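J.: Protein sequence lines, in the order shown, are assigned to chains A and B. Going by our numbering, the first residue of the first sequence is number 2, and it counts up by one from there. Going by our numbering, the first residue of the second sequence is number 3, and it counts up by one from there. For each residue, glycine too, the CB sits at the ideal point set by N, CA and C. This one's a predicted model, so the numbers in the text were calculated from it and none came from an experiment. Here it is, the structure, as structure tokens.
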Amino acid sequence: METYIEKIDGVTTVKFVGRLDTPAAQEVTQEIEPVMGDASGTIVLDCSEMTYISSSGLRIFLSLRKAAAEKGGKVIVRSISDDIRQVFMMTGFLNLFQIED
Amino acid sequence: MIDTKAPNPNYRLLLHNDIKEINRLTGFIEAIGEEIGLTTSVTMSINLAIEEAVTNVILYAYPFGTDGLVYIDAFRHPSSIDFVVSDSGMPFDPTAAPEAKIDVPLEDRSIGGLGIHLVRRIMDSVTYRRSEGKNYFTMTKNI
């Protein structure tokens with residue numbers, strides 16, 4: 002898993018490339034620490050090249066969502082695959098996130 | 003060595019209790035999926051359920067800093083496949099975990115509990131058995 006973080010005009014985009022499985026989630030948790038601490042703006046989670054997510058990855062998404070809610074920010078999940086949409090559906094995540102194509 | 007009374011599994015993977023070992027799981031499940039002709043979506047969901055079960059064992063079954071093993075055995079039947087995750091760690095029954103609350107507002111959503119929830123949603127049945135100092139968690143997927 003590669004994670005790319007950029008902040009442009011107040012919008013933070015985190016792009017996940019590859020499999021967000023448990024070992025990857027442990028690394029990503031550290032990498033997105035600054036984003037978690039700066040959750041008052043808009044955070045876009047770009048999943049266009051994310052091929053898999055397990056509960057450890059879902060926890061990261063939920064933690065970001067909660068941090069944004071506390072600080073008045075918002076989280077947009079962009080371009081999830083059908084398989085990942087299925088995982089979001091099974092876990093009730095479709096109701097928690099603004100999801101864009 | 004699993005229960006000697008049980009038939010030999012059709013497929014077996016042995017992992018150490020190191021979270022990086024999860025990387026070896028994908029190839030194992032994909033090979034099974036290909037051999038029995040599952041779609042990539044079904045294979046991915048099975049991979050997800052097994053990852054959740056195995057992650058629990060790797061992170062919690064053995065005392066921190068001690069070496070331990072986890073077996074993943076797959077038994078093929080005419081219309082289903084059983085995946086048995088076994089270990090010699092502390093007794094732990096994943097089927098006893100409470101249902102995750104997923105239809106609640108954001109502020110009430112718990113960060114934990116999603117792993118076993120996914121296992122229950124993906125698999126058609128799950129059973130747990132403790133025998134001769136080992137945990138056996140069996141997940142059955144109808145195919």
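At least one CB of chain B closer than 9 Å to the CB of Ala40/A: is that the case?
T.: As a first step, residue 40/A is located in the first sequence; it is residue number 39 there, counting from the start. So no, Ala40/A is outside the interface.
J.: Return the Cβ separation of Ser88/B and Asn49/B in integer angstroms, given the expectation that the two are a contact with Cβ distance under 8 Å.
T.: Here residue 88/B is taken as the residue at index 86 of the second sequence, counted from 1. Here residue 49/B is taken as the residue at index 47 of the second sequence, counted from 1. Incorrect: roughly 18 Å between the Cβ atoms, too far for contact.
J.: Does DSSP put Ala99/B in a helix, in a strand, or in coil?
T.: Counting from 1 along the second sequence, the entry for residue 99/B is found at position 97. Three-state DSSP puts Ala99/B in coil, outside helix and strand.
J.: Taking 9 Å as the threshold (beta carbon to beta carbon), is Ala70/A in contact with chain B?
T.: Within the first sequence, numbered from 1, the residue matching residue 70/A stands at position 69. Yes, its Cβ sits closer than 9 Å to a Cβ of chain B.
J.: For Thr13/A, which of Glu34/A, Gln27/A, Thr30/A, Leu46/A has the nearest alpha-carbon?
T.: For the purposes of this step, residue 13/A is taken as the residue at position 12 of the first sequence. Ranking the options by Cα distance to Thr13/A, first place goes to Leu46/A.
J.: Would a check of beta-carbon distances place His119/B closer than 9 Å to chain A?
T.: Taking the first residue of the second sequence as position 1, residue 119/B is located at position 117. Taking Cβ atoms only, chain A reaches closer than 9 Å to His119/B, which makes this a yes.
J.: Is the segment 59-66 of chain B in contact with the segment 98-110 of chain B, if contact means three or more CB pairs nearer than 8 Å?
T.: no
J.: State buried or exposed for Gly114/B, treating a residue as buried only when at least 16 other CB atoms are found within 10 Å of its CB.
T.: Within the second sequence, residue 114/B is the residue found at index 112, counting from 1. Only exposed fits Gly114/B, as fewer than 16 other CB atoms lie within 10 angstroms of its CB.
J.: So that I know if they touch, is there some Cβ in chain B lying closer than 9 Å to that of Lys75/A?
T.: The sequence position of residue 75/A within the first sequence is 74, counting from 1. So no, Lys75/A is outside the interface.
J.: With H, G and I counted as helix, E and B as strand and the rest as coil, what does DSSP make of Tyr64/B?
T.: Looking up residue 64/B in the second sequence gives position 62. Three-state DSSP puts Tyr64/B in coil, outside helix and strand.
J.: Considering only residues of the segment 41-80 of chain A, which uninterrupted beta strand (DSSP E) runs meet the minimum length of 3 residues and lie entirely inside it, listed in chain order?
T.: 43-54, 75-79
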